[in-house]
Amino acid sequence: MLLIFFQENNKKYDVIAAFDVLEHFSKNEIVTLMLSIFESLKPGRVFIMKVPNGGSLSGLYIRYSGFTHELAFTQLSINELFKAVGFQKVICIPEPDLNTNPIKGLLKKLVKKFIARLFGLDPNFILSTNIIGVGVK
9 MLLIFFQENN
19 KKYDVIAAFD
29 VLEHFSKNEI
39 VTLMLSIFES
49 LKPGRVFIMK
59 VPNGGSLSGL
69 YIRYSGFTHE
79 LAFTQLSINE
89 LFKAVGFQKV
99 ICIPEPDLNT
109 NPIKGLLKKL
119 VKKFIARLFG
129 LDPNFILSTN
139 IIGVGVK
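Shown next, in the form of structure tokens:
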């Protein structure tokens, strides 16, 4: 239904957002949908998505905990997808952490540093349960 909306609608938008939506589509459906979303944006405008982060244990849990979830995403897969459909600029950020406990926050930073060193990852990898991707047309 979402794909049909974008394919049949000639309107151009400044911002299109999809929070907790794209993980419910197959890879082929996502590419087709993303092409339609890209075409529905005005030049220089943005698409924002929030999806389960396949680069974190909690994100993988979210991906596999719901029967309707088809995919999880990482910084790399978001960048590949956005660039493949034509976005000029792609930014990935962690979902904001609303935890205000300083001890828990410090522990998360230490665990992230440890994981990055252990697996040779970029120290800026995203560990949040969900990941936010922003594409600029």
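Numbering (our numbering), first residue to last: 9 to 145.
Ideal Cβ placement from N, Cα and C applies to all residues, glycine included.
This one's a predicted model, so the numbers in the text were calculated from it and none came from an experiment.
So, is residue i buried or exposed, given that buried needs 16 or more other C-beta atoms within 10 angstroms?
i: K145; result: buried
i: I38; result: buried
i: I134; result: buried
i: F95; result: buried
Which value, in whole angstroms, describes the spacing of the CA atoms of residue i and residue j?
i: T137; j: L68; result: 8 Å
i: F46; j: V119; result: 37 Å
i: S44; j: Q15; result: 6 Å
i: D28; j: G141; result: 12 Å
i: M42; j: F13; result: 13 Å
i: K8; j: G143; result: Residue numbering for the chain in the displayed model covers 9 to 145; residue 8 lies beyond these limits and cannot be assessed.
Name the DSSP beta bridge partners of residue i, please?
i: M57; result: A26 and G141
i: V98; result: G143
> Contact between the segment 79-90 and the segment 49-68: three or more CB pairs below 8 Å?
Replying inline: Contact check between the segment 79-90 and the segment 49-68: three or more CB pairs, one atom from each, fall below 8 Å, which counts as touching.
>> Taking contact to mean 3 or more Cβ pairs, one atom from each stretch, closer than 8 Å, check whether the segment 106-115 and the segment 43-62 are in contact.
In response: By the Cβ criterion, the segment 106-115 is not in contact with the segment 43-62, since fewer than three pairs of Cβ atoms, one from each stretch, lie closer than 8 Å.
>> Within 8 Å, do at least three Cβ pairs link the segment 91-98 to the segment 114-133?
In response: Taking 8 Å as the limit for Cβ pairs, the verdict is that the segment 91-98 does not touch the segment 114-133.
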